[in-house]
Every structure is written in structure tokens, then in C-alpha cells.
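Numbering (the working numbering), first residue to last: 36 to 297.
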């Protein structure tokens, strides 16, 4: 049986429940989206987690009116699991999308326009691929880092509402705020097994601000929960390091083990 985590973990009631091995595995899979982007959509099977096979990579438009699509993630599956991983910011167009902080409606709440435009440009392709999978009874693992974490958050809610899978698990890393308080409440009511990992010295999870003002408008933003925060930075106060995959890998490795129970 190919699973993403082992049940051999220690339960620590003082911390939110999560699975450390799963967190590190999904972080690794999140990082593979950077490899995919650099290598024009290709990730060799030797780099995939044992027991998992490539289903499909997908592309998205970072800007709504831009016809040029970029590789934005991929889908993997094993005998009993499906993983979808979304890529973080890489191109200038991605940075422009990050700055589109106006909000649009999404499943009863309001969310970041730039994130939603990217997500809408690839979601139809993703759900068509899900329809081809052998069993909807598999667990869907959703993951991403930075911008990819924002897209993963949107997708987890969308997939749960569309009842694509009976069990959805989301672990994301360095996520910016995605939507307003109403969206955060909707997320909490739909996604029962998730964790957002945050490096306290990383600036990206502080964005957009809780009250983001672009005259004449102000938009309210609220993080989805639950989350776990660690503190890690290098001696040179390198802000890019604080946001990096390496920083998150080291930070999570230093966390105690806890286990998220089914």
C-alpha cells in the first residue's frame, strides 16, 4: 500500500495535530513544481515519491488577459492517494498577479483576484483529469508553497464543494492570505484536515495585509486556520532564505512529532 505517511508518530496534545512525515513529503512534492517549471513541464519518475506515478502537468495564465500559459503544477497518484501540487511565484507575470489584491466572490466569500484568475485558468483542466482517475475514494492531498499555497487553498475548497473526493487533506507552506473572514470561515467548515506552516521571519505570510488599502477601496484579509509557526532565519537576515524551501524544511524538521488522526 502506497501512502504518504506512517502512523508511527507521537501525539503531543499541546500542539495542533499534524503529521511531520507527511508535512516533509508534501513540501518535497511542492518543490518539484519548481523543477517542472525550469524543465518545461517535465519531472522524471526517479524524482517522484516511491509508489507514485505521474498523471498530468497543468498550465495556467498568470494574468487574465495574457494568452501565454505557464507550467503551474501537476497531479500524481498511487494505489490509494492522489496528490496535486501548485507552483509558487517564478515569473514577472506571477509577481504582477500577486499584486492584484482586489477581491472577487468565490464559494460564498471573497478572495484575492490575482490568485483566483490563475486558478480559474487551470481548474477546468484539473477537474477533467480527476474524472479520469480510477477511484474517487482515494484521498486527495493538496499542497503548495507561497503563491502555490494560495492556489492550493482555493482548490481544496473547490474540490470539496464539488465532491471530487471523499477525503481531502491540505498542507501548505509560506501561504499569503487568500481571502476575507467569510472565506476563512467557509474553508474551516469544509476542510477538516489541513495545516498551514509559517516561518515567523518570512514576510510573505504577512501579505496581503489584514486591511489592504488601494484608494478608494479597502479589502479585508484573514488567514485560513489551523497553522503552526516556527522561527528560522540565517545570520545575514536574508529575507529570501526565510521564505525558501530550505528554511521550511529545516523548520519543520525541528518541530516535534504530532499525528493527525483520521
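Each residue gets a CB set at the ideal place from its N, CA and C atoms; glycine is no exception.
Under the DSSP assignment, residue 62 falls in the alpha helix (DSSP H) whose first and last residues are 55-73.
A Cβ-Cβ distance of about 19 Å is found for the pair residue 230 and residue 84, leaving them out of contact under the 8 Å criterion. Counted as a single uninterrupted DSSP element, the alpha helix (DSSP H) harbouring residue 288 occupies residues 280-288. Taking a contact as a CB-CB distance under 8 Å, the pair residue 213 and residue 264 does not count as one, their CB atoms being some 17 Å apart. Annotated three-state conformation of residue 243 is coil, per DSSP. Excluding its 5 nearest sequence neighbours in each direction, residue 266 has C-beta neighbours in its own chain below 6 Å: 235, listed in chain order.
In this model, residue 110 and residue 188 are separated by some 16 Å (Cα to Cα). With contacts defined by Cβ atoms closer than 7 Å, residue 278 and residue 239 form a contacting pair. Per DSSP, residue 277 is not a residue of any beta strand (DSSP E); the alpha helix (DSSP H) it occupies stretches across 274-277. Counting along the chain, the unbroken beta strand (DSSP E) around residue 178 starts and ends at 174-180. Distance from the CA atom of residue 75 to the CA atom of residue 106, rounded to whole angstroms, is 7 Å. The Cβ neighbour count for residue 244, taken over all protein chains shown within 10 Å, is under 16; the residue is labelled exposed. Per DSSP, the beta-bridge partners of residue 234 are 265.
In this model, residue 284 and residue 199 are separated by some 30 Å (Cα to Cα). Here the alpha carbons of residue 150 and residue 254 stand approximately 15 Å from one another. Counting C-beta pairs with one atom in each stretch, the segment 190-207 and the segment 162-179 have three or more that are closer than 8 Å, which means they touch.
Its Cα nearest to that of residue 218, the residue 146 stands out among 291, 68, 146. The beta carbons of residue 228 and residue 259 sit no closer together than 7 Å. Counting along the chain, residue 223 sits inside the alpha helix (DSSP H) bounded by residues 216-225.
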